[in-house]
Amino acid sequence: MVYSVVTRRRRCKEMFDMKIGTKKNMLTFGLVLAIYLVVQLLLNMGILDSYIEINMVIIGINIILAVSLNLITGFTGQFSLGHAAFMSIGAYTSGILTAKLGQPFIVGVIAAALTASMAGVIIGIPTLRLKGDYLAIATLGFGEIVRIIGLNNDYIGGAIGLNDIPQYTNWTWLYFSVVLTIFIISNFIKSYHGRACIAIREDEIAAEAMGVNTAYYKTLAFVIGAFFAGIAGALHANYFYFIKPDSFGFMKSIDILVIVVFGGLGSITGSVVGAVALSILSTLLQGIPELRMVIYAVVLFLIMVYRPQGLMGDRELKLFKKVGVVNGNASSK
Amino acid sequence: MEQVIQQVVNGVSLGSIYALIALGYTMVYGIIKLINFAHGDIYMIGAYVGFALTTFFNFGFFPALIVSMLVTSILGIIIEKVAYKPLRNSTRIAALITAISVSMFLQYGLMYFVTPQTRTYPEVLPNVQLKLFGTNAVIDLKNIYILIVTLVLMVVLQYVIHRTKVGKAMRAVALDGDASQLMGIDINKTISYTFAIGSALAGAAGVLVGVYYNTINPLMGSVPGLKAFIAAVIGGIGIIPGAVFGGFFLGIVETGVSALGGSLYKDAVAFVILILVLLIKPNGLFGSNQKEKV
Chain R
1 MVYSVVTRRR RCKEMFDMKI GTKKNMLTFG LVLAIYLVVQ LLLNMGILDS
51 YIEINMVIIG INIILAVSLN LITGFTGQFS LGHAAFMSIG AYTSGILTAK
101 LGQPFIVGVI AAALTASMAG VIIGIPTLRL KGDYLAIATL GFGEIVRIIG
151 LNNDYIGGAI GLNDIPQYTN WTWLYFSVVL TIFIISNFIK SYHGRACIAI
201 REDEIAAEAM GVNTAYYKTL AFVIGAFFAG IAGALHANYF YFIKPDSFGF
251 MKSIDILVIV VFGGLGSITG SVVGAVALSI LSTLLQGIPE LRMVIYAVVL
301 FLIMVYRPQG LMGDRELKLF KKVGVVNGNA SSK
Chain F
1001 MEQVIQQVVN GVSLGSIYAL IALGYTMVYG IIKLINFAHG DIYMIGAYVG
1051 FALTTFFNFG FFPALIVSML VTSILGIIIE KVAYKPLRNS TRIAALITAI
1101 SVSMFLQYGL MYFVTPQTRT YPEVLPNVQL KLFGTNAVID LKNIYILIVT
1151 LVLMVVLQYV IHRTKVGKAM RAVALDGDAS QLMGIDINKT ISYTFAIGSA
1201 LAGAAGVLVG VYYNTINPLM GSVPGLKAFI AAVIGGIGII PGAVFGGFFL
1251 GIVETGVSAL GGSLYKDAVA FVILILVLLI KPNGLFGSNQ KEKV
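Chains as they are written, first to last, in the numbering used here: chain R, 1 to 333; chain F, 1001 to 1294.
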């Protein structure tokens, strides 16, 4: 990441001017709130029926998963095939707390995020030695181990799964979790720490030579990513009443990765768009169950051949464009 | 003691299957640095071709084996030409996702035609059981066939790689693609040969597994595919003797774990071994450490 002097000066000025109550921030905040209220109203009036609501929940959960995986894979450049494992740890934590121990949902969500991020430390630290394909395989192995432990643990229902989880997830929980995820991760990316992560993606050795603590930031990316995946897991468990280890297998991790790559590695807007598009595609294809996966495979293949950088590349959609912005975003390889 | 011998016999048979699939993985990774997730599904297709030949055309064991090896090798070449060649210069992640999409396409595409139901292989080998060393440990004729077929294929592979021009080209491309191209080696042809040989080995493994375990289904390829990949990593990916060692090692460990009562955890054990190997010796047990160049 090399910034021209002008950009750097502008950034310094921006940091100096940073206020929460800027016009732009107020506008964004107002928009976020307006969307929430409108959808809530439509749900109350019954215009958006339960079928649409289920799909909104699926899309919302996928957005959280994709944005959090994008932090690990897209921004920090650490190839992870075990993201579903973090989700499953979150889902089971929240499921056990709310269904078996009768705790309120907020306790479930927070505990889910914390246990998942602890798993993020556990997977993050040993994999510091690994890169690229090897890291991918190790995270894949981690995901499978979590799944197999889940299958063989009778307390959480084993292969049959955990039943009768109270349904706490609603539009409010979903929407604000999504907004919080996007808000925190996109701000993280723009911070000093986020730039360190991007530096690791661009060139790990160079970053290390410039004094970036690569071990710390790689683990941090895994921890933050896992934290939000845990929240997504909790939302999933407390919406669908029922979870089983096989729903969080290798294929689920692949699905999340596909959303991230489809949207564009290193683009949060891309992850959101990708999550919406692929969730809708998947829903539409449910009408033809026999050919669903075949078509999905072909679509995936065509995207990879014709647009390997994803829909958005590593660009972001800016709601309020600034004039004359020269962003030195180097293209990722 | 009988138990131990019996488990070793079973482990070697399972290990042969893993080793055959792992060879294809390791060769393909060595040459184009791609984790070919579709490899496990080529093995599955091999099993189905063998099933069709023995059931509907009354082929014997060896003709069925050879024909399905031919079919899978052609399939391997087609997959490489259609799916992987356009992405040869793209990012790792794009290539990996393409491999996964090919894998899904083969699984669910075949499932569309043959339905998801489990099929039973006919008895193509005589059911003869021998007692070993006067104990009660039984060795089936199938075990011997599997081991012999595996060993013969491996010897042939060693011959092809070390004594023929194609093999020399494969080794050269694996070492340095650009340099070998400058030396006049046709890279595309060499990659096609690699895919053909690797897929033929997977196809052979498919027929052997059908004969040995009798049942096949369209999703049978994914788990052995991953296991074979683990085997390849254990031995050091890209290293051919390493893949053979890894395959047998994993097969024996897995049957051992099952015999000790941990059959539910046998897949987890494989992945734990994988992670331990990656952490302690990322280049595999047979691999040499490579210095990172800046």
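All residues carry an ideal CB built from backbone N, CA and C; glycine is no exception.
Going by the CB atoms, is the gap between residue j and residue i shorter than 7 Å?
{"i": "Leu959(F)", "j": "Thr1098(F)", "result": "Given that chain F is displayed from residue 1001 to residue 1294, the structure contains no residue 959(F) and the question cannot be resolved."}
{"i": "Ala232(R)", "j": "Ile58(R)", "result": "no"}
{"i": "Tyr67(R)", "j": "Thr169(R)", "result": "The residue asked about is misnamed: residue 67(R) is Val in this sequence, not Tyr. Contact: no."}
{"i": "Gly1046(F)", "j": "Ser1068(F)", "result": "yes"}
{"i": "Asp133(R)", "j": "Ile1035(F)", "result": "yes"}
{"i": "Gly1251(F)", "j": "Leu1014(F)", "result": "yes"}
{"i": "Ser198(R)", "j": "Leu71(R)", "result": "In the sequence on display, residue 198(R) carries Ile and not Ser. No; because the gap between Cβ atoms is not below 7 Å, this pair is not in contact."}
{"i": "Val260(R)", "j": "Gly82(R)", "result": "no"}
{"i": "Gly1256(F)", "j": "Ala1022(F)", "result": "no"}
{"i": "Trp171(R)", "j": "Leu43(R)", "result": "yes"}
{"i": "Gly46(R)", "j": "Ala84(R)", "result": "no"}
{"i": "Asp314(R)", "j": "Ser271(R)", "result": "no"}
{"i": "Thr1072(F)", "j": "Ala1228(F)", "result": "no"}
{"i": "Ala297(R)", "j": "Ser1222(F)", "result": "no"}
{"i": "Phe1195(F)", "j": "Gly1050(F)", "result": "no"}
{"i": "His236(R)", "j": "Ile52(R)", "result": "no"}
{"i": "Gly1198(F)", "j": "Val1028(F)", "result": "yes"}
{"i": "Ala116(R)", "j": "Ala229(R)", "result": "yes"}
Give the residues of chain R in contact with residue i, contact being defined as C-beta atoms less than 7 Å apart.
{"i": "Ile1100(F)", "result": "Ile254"}
{"i": "Val1272(F)", "result": "Ile145"}
{"i": "Gly1109(F)", "result": "Val294"}
{"i": "Val1295(F)", "result": "Absent from the model: residue 1295(F). The displayed extent of chain F is 1001 to 1294, so no value can be given."}
Whose C-beta lies closer than 8 Å to the C-beta of residue i among residues of the same chain, with five residues either side of it excluded?
{"i": "Leu1278(F)", "result": "Val1233"}
{"i": "Ile1187(F)", "result": "Val1173, Gly1177, Ser1180, Gln1181"}
{"i": "Asn1217(F)", "result": "Pro1116, Gln1117, Thr1118, Arg1119"}
{"i": "Asn55(R)", "result": "Ser279, Ile280, Thr283"}
{"i": "Gly324(R)", "result": "Confidence at Gly324(R) is low in this model, with a pLDDT of 41, below 50, so the placement of that residue is unreliable and no value is reported for it."}
{"i": "Leu1125(F)", "result": "Phe1061, Leu1141, Lys1142, Tyr1145, Val1211"}
Between residue i and the rest of its own chain, which residues show a CB-CB distance below 7 Å, the 5 nearest in sequence each way excluded?
{"i": "Glu1123(F)", "result": "none"}
{"i": "Val273(R)", "result": "Gly263, Leu311, Met312"}
{"i": "Asp164(R)", "result": "Ala99, Tyr241"}
{"i": "Lys218(R)", "result": "Thr76, Gln78, Gly124, Leu128, Ile200"}
{"i": "Thr1150(F)", "result": "Ser1016, Ala1019, Leu1020"}
{"i": "Gln309(R)", "result": "Gly264"}
{"i": "Ser1288(F)", "result": "none"}
{"i": "Lys321(R)", "result": "Bear in mind that a pLDDT of 49 at Lys321(R), under 50, signals an unreliable position, so the model cannot answer this."}
Who are the neighbours of residue i on chain R, taking C-beta pairs under 9 Å?
{"i": "Arg1092(F)", "result": "Phe79, Gly132, Asp133, Ala136"}
{"i": "Phe1062(F)", "result": "Under the 9 Å cutoff, chain R gives no residues; its nearest Cβ is about 34 Å from Phe1062(F)."}
{"i": "Leu1278(F)", "result": "Pro126, Thr127, Arg129, Leu130, Tyr134, Leu135, Ile137, Ala138, Gly141"}
{"i": "Val1156(F)", "result": "Those do not exist, as Val1156(F) stays about 29 Å from chain R at its closest Cβ, beyond 9 Å."}
Among residues of its own chain, excluding the 5 on either side of residue i, which ones have a beta-carbon nearer than 6 Å to its beta-carbon?
{"i": "Gln1006(F)", "result": "Ala1137"}
{"i": "Ala234(R)", "result": "Gly90, Ser94, Gly108, Val109, Ala112"}
{"i": "Met1220(F)", "result": "Met1044"}
{"i": "Ile122(R)", "result": "none"}
{"i": "Gly120(R)", "result": "Phe222, Val223, Ala226"}
Closer than 8 Å by beta-carbon distance: list the chain F residues that pair up with residue i, in chain order.
{"i": "Phe248(R)", "result": "By Cβ distance, chain F contributes nothing, its closest Cβ being about 15 Å from Phe248(R), past 8 Å."}
{"i": "Ile149(R)", "result": "Ala1268"}
{"i": "Phe301(R)", "result": "Ala1083, Thr1098, Ser1101, Val1102, Phe1105"}
{"i": "Pro308(R)", "result": "Leu1087, Ser1090, Thr1091, Ala1094"}
{"i": "Met210(R)", "result": "What Met210(R) touches in chain F: nothing, since even the nearest Cβ is about 13 Å away."}
At 9 Å on the CB atoms, spell out the chain F contacts of residue i, in chain order.
{"i": "Asn152(R)", "result": "Leu1264, Tyr1265, Ala1268"}
{"i": "Met26(R)", "result": "Within chain F, no residue comes near Met26(R); the closest Cβ sits about 38 Å away, beyond 9 Å."}
{"i": "Leu265(R)", "result": "Thr1091, Ile1093"}
{"i": "Ala297(R)", "result": "Ile1100, Ser1101, Val1102, Ser1103, Met1104, Phe1105, Leu1106, Gln1107, Tyr1108, Gly1109"}
Taking C-beta pairs closer than 8 Å, name the residues in chain R that residue i reaches, listed in chain order.
{"i": "Pro1296(F)", "result": "Residue 1296(F) falls outside the range modelled here, since chain F spans only 1001 to 1294, and no answer is possible."}
{"i": "Ile1035(F)", "result": "Asp133, Ala136, Ile137"}
{"i": "Val1257(F)", "result": "Per Cβ cutoff of 8 Å: no residues; Val1257(F) is ~12 Å from chain R at best."}
Which residues in chain F have a C-beta closer than 7 Å to the C-beta of residue i? List them in chain order.
{"i": "Tyr141(R)", "result": "The sequence shown places Gly at residue 141(R), rather than the Tyr named in the question. The answer, in chain order, is Phe1271, Leu1274, Ile1275."}
{"i": "Leu291(R)", "result": "Tyr1112"}
Shorter than 6 Å, the distance from the beta carbon of residue i to the closest heavy atom of the ligand GTP, or not?
{"i": "Val107(R)", "result": "Absence of the ligand GTP from the depicted structure is noted, as is the absence of any ligand whatsoever, leaving it without description."}
Quiz item: Counting only runs that start and end within the segment 1148 to 1225 of chain F, where is the alpha helix (DSSP H) found for 4 or more residues in a row?
Solution: For the segment 1148 to 1225 of chain F, the continuous alpha helix (DSSP H) assignments of 4+ residues that do not extend past its boundaries occur at 1165 to 1175, 1177 to 1182, 1187 to 1213, in sequence order.
Quiz item: Is the number of C-beta pairs between the segment 1113 to 1128 of chain F and the segment 1204 to 1214 of chain F that are closer than 8 Å three or more?
Solution: A contact exists between the segment 1113 to 1128 of chain F and the segment 1204 to 1214 of chain F.
Quiz item: Counting pairs of Cβ atoms below 8 Å between the segment 87 to 96 of chain R and the segment 240 to 257 of chain R, do you hit three or more?
Solution: Output reads yes: the segment 240 to 257 of chain R touches the segment 87 to 96 of chain R.
Exercise. Answer yes if the segment 1233 to 1247 of chain F comes into contact with the segment 1054 to 1070 of chain F, meaning at least three C-beta pairs across the two stretches below 8 Å, and no otherwise.
Key: Contact fails: fewer than three Cβ-Cβ distances are below 8 Å.
Quiz item: Given 8 Å as the limit, is there contact between the segment 19 to 33 of chain R and the segment 139 to 155 of chain R, that is, 3 or more CB pairs closer than that?
Solution: The answer is no - the segment 139 to 155 of chain R does not touch the segment 19 to 33 of chain R, with fewer than three Cβ pairs under 8 Å.
Exercise. Could you say if the segment 1267 to 1275 of chain F and the segment 134 to 144 of chain R meet the contact criterion of at least three C-beta pairs nearer than 8 Å?
Key: Short answer: they touch.
Self-check item: Segments assigned alpha helix (DSSP H), at least 4 residues, entirely inside the segment 238 to 318 of chain R
Solution: You should have 250 to 263, 268 to 285, 289 to 306.
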